[in-house]
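Numbering (my numbering), first residue to last: 510 to 890.
Working notes for the structure below.
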Ligand code: G3I
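The following block contains the structure:
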């Protein structure tokens, strides 16, 4: 998939190269015309987007490109018509992921009925802005539609339903979605398997056999789109702990017998307590052990929730964002640094953690927060 990434980014590189051939006033004119110093999508630092004179004017996606890191954001198609939302998303980010619209219940709401409208709108936006698209998610215990939950299906039926779902969704997005969270949140924090409709209630035929059903899903996914990168994604798997040990054991086993697993997603929904040296060192060494298996490691859903928006809290948030960006830069297999949304205006945090919020790099007026500057600085080191 790296070749696809290079193919998409190539026109911009060529434009940068062309810009280097001008001198004097011609150079100034050319800089304006070429958008040198601008992003892959024109001029991300142009006046059309929100800007703050005291913060950097080079976009995150530009700064991340030499590090071979995609700067991602979860997005929702209903907001694309909002100009500030679209401007920031399309200029600052090189990857987009559907926050909800590719989940089972939304994309496959009735038996035999698929609704690709939201996902397709996001893919079109991404293509128009030279962004990669990451898919989320095919096998998850949440967002299972009523027709599946209440269908009274036996394991053989559920196996057919899930295989058809994976085939249809991945087939629809083949060549457009370069990587998928095939299975999401299958482990509990103590490292045991989560009881779900797909695992053991009644499951797809592998109840009680540990990660075997994950292996099956990966095999189906690989058959559905052999070019897609396939990920297992979870939360609380960032540091070395019982859950990440279980995921590591699964990954080691899969790699030892050729199961198509390309990487692990680390959601990274955290608060400021995550900012301590022991925790951060544990995260880095955890990424390293997965990298040593030959896997890519993606930071997939980062947000840092705060209980207030005081200057001290926003600066502490910025410090942690910067540290996590630096950790990713220093880990060669860390290919994605993605936040769960990008503006505090549309974040899942206040709805789920009442009293908490301010978790993302842009505020609810699309202004760059200290967190943005810290990410930018970490990419500039
Ligand atoms: O679309 C309906 C809307 O029609 C209805 O009026 C409204 C009423 O509640 O609900 C809307 O659906 C909501 C959906 O988000 C879209 O906004 C669901 O209720 C709500 O449960 C759903 O929450 C999402 C949640 O996953 C469950 O799917 C969050 O936005 C989303 O941020 C969250 O994302 C998850 C990742 O997928 C996996 N990792 C954890 C992460 C945070 O929970």
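Quick reminder that beta carbons are idealized off the backbone N, C-alpha and C, glycines included.
Residue 659 and residue 672 have their C-alpha atoms spaced approximately 19 Å apart. The residues 623, in chain order, have a CB closer than 7 Å to that of residue 677 in the same chain once the five nearest residues on each side in sequence are set aside. A straight-line Cα-Cα distance of about 17 Å links residue 888 and residue 871. In this structure, 745 is the residue among 792, 710 and 745 with its C-alpha nearest to the C-alpha of residue 700.
In this chain, residue 833 is not harboured by any beta strand (DSSP E); it is covered by the alpha helix (DSSP H) spanning 820–839. Taking the Cα of residue 818 as reference, the smallest distance to any Cα among 810, 827 and 770 is reached at 827. Annotated as distal: residue 643 and residue 697, with beta-carbon spacing of 8 Å or more.
Across the structure, residue 734 and residue 616 are spaced so that their CA atoms are roughly 18 Å apart. Under DSSP, residue 604 shares a beta bridge with 581 and 641. Under the 8 Å Cβ criterion, the stretch 778–792 does not count as touching the stretch 712–724, having fewer than three qualifying pairs.
A straight-line Cα-Cα distance of about 50 Å links residue 571 and residue 663. Residue side-chain check: residue 693 places its Cβ nearer than 7 Å to a non-hydrogen atom of the ligand G3I. Bounds of the alpha helix (DSSP H) holding residue 796 are 786–800. Set against 7 Å, the gap from the CB of residue 612 to the closest heavy atom of the ligand G3I is smaller.
Cβ atoms of residue 675 and residue 716 stay farther apart than 8 Å, at about 19 Å.
In the DSSP annotation of this structure, the continuous segment of the alpha helix (DSSP H) that includes residue 670 starts and ends at 664–681. At least one heavy atom of the ligand G3I sits closer than 7 Å to the Cβ of residue 609. Classified as exposed, residue 764 has fewer than 16 neighbouring CB atoms from the shown chains inside 10 Å of its CB.
Judged by beta-carbon spacing, residue 846 lies beyond the 8 Å limit of residue 680, meaning their Cβ atoms are not closer than that value.
A Cβ-Cβ contact shorter than 8 Å links residue 813 with residue 829. With a cut-off of 8 Å on Cβ pairs, the stretch 734–743 is in contact with the stretch 753–773, counting three or more such pairs. Excluding five sequence positions before and after residue 634, the CB atoms of its chain that fall closer than 6 Å to its own CB belong to 589, given in chain order. Residue 760 places its beta carbon less than 8 Å from that of residue 802.
In this structure, DSSP gives residue 861 a helical state, which the three-state scheme calls helix.
Placement of the Cβ of residue 651 at a distance of less than 7 Å from at least one heavy atom of the ligand G3I is found. Put simply, the backbone Cα of residue 822 is about 14 Å away from that of residue 881.
Inter-segment contact for the stretch 838–845 and the stretch 856–866 is absent: fewer than three beta-carbon pairs are separated by less than 8 Å.
Between the ligand G3I and the CB of residue 857, the shortest heavy atom gap is smaller than 7 Å. Within the chosen limit of 7 Å, the ligand G3I reaches the beta carbon of residue 776 through at least one heavy atom. Here DSSP, grouped into helix, strand and coil, assigns residue 625 to coil.
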